[in-house]
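2 protein chains.
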Amino acid sequence: MTDWLPLSPAERSVAIEVLVHGPLSRTELARRLNLSQGSLTRLTKPLIESGLLVEAPWAGAPAEARQGRPSQPLGVVAESRSFLGFKITDEMVYGVVTSLRSDIVARLDRPLTGHDPEYVADLLAAMTAELAGRHPAVAGIGIGVGGFVREYAVVGESPYLSWRDVPLAGLVRERTGLPVVVENDVAALVEAETWFGAGRGLDRFVVLTIGAGIGYGLVLGGRRVPCAEEDRGFGRHWIIDPQGPLTPQGERGSAVSLLTIPSIRYQVRAATGRDASYEEILAAAAAREPMAARVIGEAGRALGTLLAQIANFVMPQKILLAGEGVGLMEVAGDAVRDMIRTHRHPLAAPINLETKVSDFHDWARGAAVLAIQVLVLGRTGG
Amino acid sequence: MTDWLPLSPAERSVAIEVLVHGPLSRTELARRLNLSQGSLTRLTKPLIESGLLVEAPWAGAPAEARQGRPSQPLGVVAESRSFLGFKITDEMVYGVVTSLRSDIVARLDRPLTGHDPEYVADLLAAMTAELAGRHPAVAGIGIGVGGFVREYAVVGESPYLSWRDVPLAGLVRERTGLPVVVENDVAALVEAETWFGAGRGLDRFVVLTIGAGIGYGLVLGGRRVPCAEEDRGFGRHWIIDPQGPLTPQGERGSAVSLLTIPSIRYQVRAATGRDASYEEILAAAAAREPMAARVIGEAGRALGTLLAQIANFVMPQKILLAGEGVGLMEVAGDAVRDMIRTHRHPLAAPINLETKVSDFHDWARGAAVLAIQVLVLGRTGG
DNA sequence: GGGGGTTACTTTTGCTGCGGAAGAATCTTG
DNA sequence: CAAGATTCTTCCGCAGCAAAAGTAACCCCC
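Right, here's the structure in full:
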């Protein structure tokens, strides 16, 4: 199949706008991008000829009977290409197949029984073969890994895999023949939400994830801000309550100690002697069992404080709360809101908070989005 | 005298670059702005003809004997125009005259014996007349006011002046015949530092001021982020230590309670019964007098925590600490650094902190910078 | 002191890519 | 079917850029 690239900057902005915001008429695009209509005719022509865009008369404003010549919405053929996204955790590999618009169309998970790079690459190749068999026209692979990743290709350091300088992209490309993009998992999730999710079109946007650890992503001017500590785990030193609990995972009273799933389970186990799952603890807290309610209430207050601090200093237009540990919001929502109130100026704009219960397939989808960004549109953000 | 405007976007970027970063050769400008040398010849010609720029062979790299044709630095004639900046406080008006490059060339202060808008405007007009008599070619006036300001012209609300919807710019323009720009005082200081001070050329930049209150300014992508609470005083609800002191000015343990000059004086007075100036308290703390040392130590730790939180969430390239209360850093610097360490990831980039002791004339200068931005270069940031 | 080298700037040329205007296409309304 | 509305296309002119070639102003060194 023909490859689309390369795109001029103006063409790229048109392509991204259509990809991210769905079918749009040329006139609408001209308005959004501050270009003339004539320019849009010119810019869209090669994009249509290359097959990236198509005229989609069925889409857009459906039967909105207006006067004048009907607009001709342009869209992407979301199904024309597929992308694979993988999220590698300690003991599992989660895989998804997505369309060009990053909708998940298939899932496949496999246990990871070892951490040898060659073995992991073999597993990824096998999963790729299985998924690609059912979904043709795979255009690329994105892989999300917790840890430090360089150049979209090399895992510089990943403590939980015990990897140092593993050229993962190369290993998988050799086995599959497909272009491969590797990135830090949090970074990938943030990019996905910035392009296709809660952060679409926003200028200042924050992603906070709660799960096995804390993840934090800052998007300014449509671009993710890279930072030194992202790959080593956030929140270990975000001390929210100096009198808070001490856990094996973080400093006393840190966001990690107060909010992450392992820490909450550790606290409950230390207090009750029984090992309970996160869901059981949340249910117990909702049922007002004292120990669970205390731990979860403390977590809720910590989350409220954290969100208020972020809002105070970053002033984002939206904060997305994601990860496997956001069930907290449902049980301890009042505590969260209460602490937001006490830590915010009464006249400050209310926090635009979105909560998204996400599982590991969302992390895998994030990796697929990175593949879309890099492979289809030439790796620039924005 | 001829007026310079209007400027094309490319011309404006050249003008701002020279204005902000001092004399630069055409080659250097081409490099910085990603333009060809030919374009710079074209762009600079009208700027030189209009008098905004001049060739300044005396400036630039002085005796750096390099080979080849010597470069021809372009600079602004800083003294060709003057700008007036005023900062209106509760009981004083501070005024400065600045050059085009925002250097302060004269100062003039007057007590403010009333808050009637007409009276204040009369006073500003009188001060303008006095300053303009000594410094000709005044091109415009900037006024900084604590409170909410709309459209660079109208003071929407200023609690300490008891003003509501006062069209200050119009009142002063009527009396002086000069263009007038009004803005919130913190916003003006932040703009000044972004253009001509610590934040020059930075993408992510934070200004934190400590004085009678707390001021906070966030600059992203070269633009100041406007926010709802800036004009009502920051920090009242930034609770740093829930067990901290209670003061009349802020919530218990808030940044205002812990850090502002009135709160620190209040705490010492409440503990010792004696009224001491801020400088006296700092000196006492340095001499290890217990009460003062305790209050100042607590303030230092609060400041460290605050700086760490800002750095964690905003990841700025630099934080500027300004205001009348930054003497704290000298006396309690160890406490500040200590708390930064405990609240930051060990692998995180160190905070790039700049401390600037500033007085009210710096606030007035900020207002003058706003006049420069708006009047000379057509009000766009960046 | 006069080449040769080096760097800064200017001029020329050609082209890209945009806006604007006019026109074609396609619908609704009367 | 005409008039009006709206979208899209075509065409033209031009701003503004890069590239290349030319000029100017210095250096060093023989």
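Top line first, the protein sequences correspond to chains A and B. Residue numbers for the first sequence follow our numbering, beginning at 1 and rising by one. Residue numbers for the second sequence follow our numbering, beginning at 1001 and rising by one. Think of the CB as a built atom: it goes at the ideal place given N, C-alpha and C, for glycine as much as any other residue.
1) Is DSSP giving residue 114 of chain A helix, strand or coil here?
2) Under three-state DSSP, which class holds residue 307 of chain A?
3) Can you find a CB in chain A that lies within less than 9 Å of the CB of residue 1236 of chain B?
4) Ordered along the chain, which non-local residues of its own chain (more than five positions away) have a Cβ less than 7 Å from that of residue 167 of chain A?
5) Which of the three DSSP states is assigned to residue 1016 of chain B in this structure?
6) Around the C-beta of residue 1041 of chain B, are 16 or more other C-beta atoms found within 10 angstroms, so that it is buried, or is it exposed?
7) Within 9 Å of any Cβ in chain B, is that where the Cβ of residue 328 of chain A sits?
8) Can you check DSSP and say which residues form a bridge with residue 1214 of chain B?
9) Is it true that the CB of residue 1247 of chain B sits closer than 9 Å to the CB of residue 1211 of chain B?
10) Out of B:1309, B:1298, B:1358, B:1305, point me to the one whose CA is closest to residue 1321 of chain B's CA.
11) Looking only at DSSP bridge pairs, what is residue 75 of chain A linked to?
12) Taking only beta carbons into account, state which residues of the region 322 to 347 of chain A come closer than 8 Å to chain B, listed in chain order.
13) Beta-carbon of residue 204 of chain A versus every beta-carbon of chain B: anything under 9 Å?
14) Using DSSP bridges, identify the partner residues of residue 1092 of chain B.
15) What residue range is occupied by the uninterrupted beta strand (DSSP E) comprising residue 158 of chain A?
16) Identify each residue in the region 301 to 316 of chain A for which the Cβ-Cβ distance to at least one residue of chain B is less than 7 Å, and report them in chain order.
17) Does the region 171 to 185 of chain A touch the region 236 to 256 of chain A, meaning 3 or more C-beta pairs lie closer than 8 Å?
18) Using a Cβ cut-off of 9 Å (strictly closer), state whether residue 1251 of chain B contacts chain A.
19) Would you report the Cα separation of residue 1243 of chain B and residue 1349 of chain B, rounded to the nearest angstrom?
20) Could you please give the first and the last residue of the uninterrupted alpha helix (DSSP H) stretch that includes residue 30 of chain A?
21) Got a sec: does the ligand FAD put a non-hydrogen atom nearer than 8 Å to the Cβ of residue 1309 of chain B?
22) Within the continuous beta strand (DSSP E) that includes residue 323 of chain A, where are the two ends?
23) Can you check whether the CB of residue 1084 of chain B is closer than 9 Å to the CB of residue 1044 of chain B?
24) According to DSSP, is residue 1270 of chain B helix, strand or coil?
25) Pull up the distance between the alpha-carbon of residue 1327 of chain B and that of residue 1214 of chain B, whole angstroms please.
26) Considering Cα atoms alone, identify which of A:363, A:312, A:307 is closest to residue 208 of chain A.
27) Curious, which full-length alpha helix (DSSP H) runs of at least 4 residues does the region 1120 to 1179 of chain B contain?
28) Considering only the alpha carbon of each residue, which of B:1052, B:1362, B:1356 lies closest to residue 1103 of chain B?
29) For the candidate residues B:1095, B:1331, B:1339, B:1323, whose alpha-carbon lies nearest to that of residue 1141 of chain B?
30) Can you give me, in chain order, the residues of the region 160 to 190 of chain A that have a beta carbon less than 7 Å from any beta carbon in chain B?
31) Pick out whichever of B:1200, B:1162, B:1255, B:1053 has its Cα sitting closest to the Cα of residue 309 of chain A.
32) If you reduce the DSSP assignment to three classes, tell me which class residue 106 of chain A lands in.
33) List the endpoints of the continuous alpha helix (DSSP H) containing residue 1369 of chain B.
34) Considering Cα atoms alone, identify which of A:283, A:287, A:291 is closest to residue 273 of chain A.
35) Taking the C-alpha atoms as reference points, what is the distance between residue 277 of chain A and residue 289 of chain A?
36) Following the continuous alpha helix (DSSP H) through residue 44 of chain A, name the residue where it begins and the one where it ends.
Straight from the coordinates:
1) coil
2) helix
3) yes
4) 153, 154
5) Three-state result, residue 1016 of chain B: helix.
6) exposed
7) Cβ-Cβ to chain B under 9 Å: no for residue 328 of chain A.
8) B:1210, B:1234
9) no
10) B:1358
11) A:54
12) 342, 343, 344, 345, 346, 347
13) yes
14) B:1111
15) That run of the beta strand (DSSP E) goes 154 to 158.
16) 309, 310, 312, 313, 314, 315
17) no
18) At least one beta carbon of chain A lies nearer than 9 Å to the beta carbon of residue 1251 of chain B.
19) 30 Å
20) Per DSSP, residue 30 of chain A belongs to the alpha helix (DSSP H) from 26 to 33.
21) As for the ligand FAD, it is missing from this structure, which has no ligand bound.
22) 318 to 323
23) no
24) Residue 1270 of chain B carries a helical assignment under DSSP once its states are collapsed to helix, strand and coil.
25) 14 Å
26) Here the closest residue by C-alpha is A:307.
27) 1168 to 1176
28) When C-alpha distances from residue 1103 of chain B are compared across B:1052, B:1362, B:1356, the shortest belongs to B:1362.
29) B:1095
30) none
31) B:1255
32) strand
33) 1360 to 1371
34) The shortest C-alpha to C-alpha distance from residue 273 of chain A to any of A:283, A:287, A:291 is the one to A:291.
35) 15 Å
36) 37 to 49
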